Amino acid sequence: MEIKITKTDSPKKLIAENELGFGQFFSDHMFIMDYEAGKGWGNARIVPFGNISLHPASTVLHYGSEIFEGLKAYRTESGEIRLFRPMENIRRMNDSADRMCLPKINEEDFLQALTTFVELEKDFVPYSFGTSLYLRPYMFGNDETLGVHTVKRATFMIIASPSGSYYKEGINPVKIMIESEDVRAVKGGTGAVKCGGNYAASNRAGEKASKVGYSQVLWLDGVHRKYIEEVGAMNVMFKINGEIVTPMLTGSILPGITRKSCIEVLKDMGYKVSERLLSVDELVEALENGKLEEAWGCGTAAVVSPIGRFCYEGKEYDVNGGKIGAVTQALYDTLTGIQWGKKDDKYGWIYKVC
Ligand code: PLP
Ligand code: COI
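Those letters in the sequence shown? Residues -11 to 342, per the working numbering, in order.
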């Protein structure tokens, strides 16, 4: 694929790494390409970062035709810039496209777009351990008509944000509210793909939780309102009486790449990992009788994030005295070690960009 590059004539000053936060600052350029039914994808280009112009009837503005991905570019101590399992993100984005009737992207073209863009923006990949250049590929339907139908035009973009930790708590345990009113997804819906609407619909519960000091919501299944699904921006895992339990992929949960990687690392560490249904009653019972030893979330932005407290129906429960547990710490160390090049990549998960 040919990618036309137009460089900015006003490069930005880099932000101090201790002030990065998540997703607040953006690099100098962005990748764009356009799709038209009958013609396919074309006009791949990297241009200076800036506002885009949309027709007021553009499909995405009315019917939420949007999907996205999230992955990171890491800098190792030796100066290598690398990605973590990028083909997994590429394939998941195409699965999302399939569900949302958006056009798929050739995997090699997608990888080329990512690597060309990251190489151009390499100065924006921060140096400190735990910081990275967060990459956000996304696609939206862009027909200029109000009819509800499969789109004939779409836009694919990648933007990049030098970022630190997702939660202000960093690696310190976060507080999670178990939501019993709103639901995020049901089987047959869009919960298993990464579309913007999933997140828009979860904001109300998130706001309610945030008002009482909770970082995110833990969703229950939409049919029985009983089984644990996932957290707003990450999958969730528990250590209950020695067993590692994570909700099985029922069709309403995002199949997280970090989740999949954690399962592999945990099995390698010798733990029994059960992907199964876990009811909120079982969780509360384990919290009450001290059998819940650890809980953590896992996702690209959040990495491995210990959970120190749950709230369910007005009652608060501490996990492991509000401290990070040994398994959570070991997982965090292993994954971040591989990502930032401090540990051997024995699984072959690293893709070197430059
Ligand atoms: N679940 C949801 C709803 C998410 O938004 C994310 C983040 O991408 C995850 C889980 C974790 O997925 P991954 O590990 O692929 O980033
Ligand atoms: C990610 O972890 O990359 C995500 O996409 C989560 C996001 C909603 C902040």
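Positions of the beta carbon are idealized from the N, C-alpha and C atoms, including for glycine.
If you're wondering where the values come from, they're calculated on a predicted model, not measured in any experiment.
Between residue i and chain C, is the shortest Cβ-Cβ distance under 8 Å, so that the two count as touching?
{"i": "Gln317", "result": "Note that chain C does not occur in the displayed structure, where there is just one protein chain."}
Just to check, is the beta-carbon of residue i closer than 7 Å to a non-hydrogen atom of the ligand COI?
{"i": "Thr238", "result": "no"}
{"i": "Gly287", "result": "yes"}
{"i": "Ala290", "result": "yes"}
Could you pull the start and end residues of the beta strand (DSSP E) that residue i belongs to?
{"i": "Ala32", "result": "28 to 36"}
{"i": "Asn148", "result": "The residue asked about is misnamed: residue 148 is Ala in this sequence, not Asn. Here the beta strand (DSSP E) through Ala148 covers 141 to 151."}
{"i": "Ala283", "result": "280 to 287"}
{"i": "Ser262", "result": "261 to 264"}
{"i": "Asp306", "result": "303 to 306"}
{"i": "Ile164", "result": "162 to 166"}
{"i": "Ile232", "result": "231 to 235"}
{"i": "Arg345", "result": "Because the chain is modelled from -11 through 342, residue 345 falls outside the range shown and cannot be assessed."}
Roughly how far, in whole angstroms, is the beta-carbon of residue i from the beta-carbon of residue j, given that I think they are within contact range, below 8 Å?
{"i": "Gly220", "j": "Lys175", "result": "Incorrect: roughly 19 Å between the Cβ atoms, too far for contact."}
{"i": "Pro125", "j": "Phe56", "result": "7 Å"}
Express the C-alpha separation of residue j and residue i in angstroms, rounding to a whole number.
{"i": "Gly230", "j": "Pro294", "result": "17 Å"}
{"i": "Asn31", "j": "Met18", "result": "13 Å"}
{"i": "Val268", "j": "Leu206", "result": "10 Å"}
{"i": "Glu304", "j": "Thr324", "result": "30 Å"}
{"i": "Val200", "j": "Gly296", "result": "15 Å"}
{"i": "Lys340", "j": "Ala193", "result": "39 Å"}
{"i": "Met236", "j": "Thr(-6)", "result": "45 Å"}
For the alpha helix (DSSP H) containing residue i, list its first residue and its last residue.
{"i": "Asp16", "result": "Here Asp16 belongs to no alpha helix (DSSP H), and DSSP marks it neither H nor E."}
{"i": "Gly184", "result": "184 to 188"}
{"i": "Met127", "result": "First-last for Met127: 120 to 129, but that is the beta strand (DSSP E), not the alpha helix (DSSP H)."}
{"i": "Tyr51", "result": "47 to 51"}
{"i": "Val341", "result": "Looking at the DSSP string, Val341 is not in any alpha helix (DSSP H), and its letter there is neither H nor E."}
Should residue i be counted as a contact of the ligand PLP given a C-beta to heavy atom distance under 7 Å?
{"i": "Ile245", "result": "yes"}
{"i": "Leu242", "result": "yes"}
{"i": "Gly176", "result": "no"}
{"i": "Ala188", "result": "no"}
{"i": "Gly336", "result": "no"}
{"i": "Met75", "result": "no"}
Relative to the C-alpha of residue i, which residue among the options is closest?
{"i": "Ile3", "options": "Gly152, Gly313, Tyr23, Ala274", "result": "Gly152"}
{"i": "Val211", "options": "Lys227, Gly177, Gln317", "result": "Gly177"}
{"i": "Ser46", "options": "Gly135, Glu301, Val261, Arg213", "result": "Gly135"}
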